[in-house]
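In this text, residue positions in the sequence shown follow our numbering: the first is 1, and each later residue adds one. We put the beta carbon where it would ideally sit given N, CA and C, even for glycine.
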Amino acid sequence: MAYDPNNIFAKIIREEAPCFKVYEDDMTLAFMDVMPQADGHTLVIPKFPAEDLLDLDPDYVAAQAMTVKKLAPAVKKAFDAPGIMIAQLNGSAAGQTVFHFHTHIIPRRSGLEMKLHAREMADFDMLKEHAERIKAALA
Ligand code: 5GP
1 MAYDPNNIFA KIIREEAPCF KVYEDDMTLA FMDVMPQADG HTLVIPKFPA EDLLDLDPDY
61 VAAQAMTVKK LAPAVKKAFD APGIMIAQLN GSAAGQTVFH FHTHIIPRRS GLEMKLHARE
121 MADFDMLKEH AERIKAALA
């Protein structure tokens, strides 16, 4: 499948679609997932047109990993999470639903099940507040 430059994450990079941004640098962008599987569910994307890891330029693989490494402790701190899940799906058979490479950062705690993947839209005021919490933890 060819990369679709009009997928929602490409539009977010071009600022044609909104997001609750938590971090940005020259090569990557991080923002709140609108259908979070847990409070604090954050997405990191490269500013590179790749559907999945197999298409991603190695320099962007490195930049993406660095941003995930920077964000994961901030998400953990902001949500006082004992565990952090890092997930990344490649291909619809693996459950991928948006075809611009991305990494999920999801706070986890024992006894609290994750919500279903990409199902329930969150309240925007709540997402805004969660983004502010993560930004404060990054500062
Ligand atoms: P995937 O299934 O491709 O691994 O994950 C795609 C993720 O993007 C899902 O967790 C879904 O909730 C999220 N998502 C889908 N559409 C949007 C959107 O328009 N904005 C944001 N911020 N997240 C989205």
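{"Item": "M85 - DSSP class collapsed to helix/strand/coil", "Value": "strand"}
{"Item": "Distance cut-off 7 Å: F31 Cβ against heavy atoms of ligand 1", "Value": "yes"}
{"Item": "Bridge-paired residues (DSSP) for E24", "Value": "L29"}
{"Item": "Residues sharing a beta bridge with V44, DSSP", "Value": "A30, T103"}
{"Item": "DSSP beta-bridge partners of R108", "Value": "G83"}
{"Item": "Sequence-distant residues of the same chain with beta carbon closer than 6 Å to A38, five excluded per side", "Value": "I106, P107, M114"}
{"Item": "Beta-carbon gap between I86 and V75 smaller than 8 Å", "Value": "no"}
{"Item": "Euclidean distance between Cα positions of M32 and F9", "Value": "12 Å"}
{"Item": "Environment of T97 [buried if 16+ CB atoms lie within 10 Å]", "Value": "exposed"}
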